[in-house]
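Remarks on the structure that follows.
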Amino acid sequence: MTQSLTDADREALLKPLLETGWQMHDSRDAIVKTYQFADFTAAFAWMTRCALWAEKWNHHPEWFNVYKTVEVTLTTHDAGGLSDLDIKLATKMDALAG
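Note that numbering that gives the first Met the number 0 has the sequence shown beginning at 0, numbered continuously upward.
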């Protein structure tokens, strides 16, 4: 079972993500970010690239897509909140978004 982030990990690992537009979820232990792309095709292509990594790491995002906008929520359900998997996937998503 994946372990949730320690307080020390939260401070060190979340700070860089918060500086790139990720935010803490209002009502649960999760991070959220909204990505904007040029059009639907670009948004869907990005989601496909992210899905391949999510499947490889067995850590799947909660996301919602409308046209060129993708809203992402990351949390680790079996850990009861944020884990290193969320940090890893958020970092990869940012890199894939360019």
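All residues carry an ideal CB built from backbone N, CA and C; glycine is no exception.
Source: prediction; values computed, not measured.
Check your understanding: Which of the three DSSP states, helix, strand or coil, is assigned to T72?
Key -> strand
Review point. Within 10 angstroms of its Cβ, does A29 collect 16 or more other Cβ (buried), or is it exposed?
Key: buried
Check your understanding: Considering only residues of the same chain and omitting the five flanking positions on each side of T19, which have a CB-CB separation below 7 Å?
Key -> The beta carbon of T19 sits closer than 7 Å to those of D93, all from its chain and outside the five residues before and after it, given in chain order.
Exercise for review: Could you pull out every residue in the same chain whose Cβ sits closer than 8 Å to the Cβ of F43, ignoring the five residues on either side in sequence?
Suggested key: If we look at F43 and ignore the five residues flanking it on each side, its Cβ neighbours are N64.
Check your understanding: Mind checking Y66: buried by the 16 CB within 10 Å criterion, or exposed?
Key -> Y66 should be labelled exposed.
Review point. Start and end of the alpha helix (DSSP H) containing E61?
Key: Looking at the DSSP string, E61 is not in any alpha helix (DSSP H); the run it does join, the beta strand (DSSP E), is E61 to V65.
**Study point:** 7 Å Cβ cutoff met for S3 and G80
**Key:** yes
Check your understanding: In this structure, does DSSP put T33 in helix, strand or coil?
Key -> strand
Exercise for review: Would you identify the three-state DSSP class for M92, choosing helix, strand or coil?
Suggested key: helix
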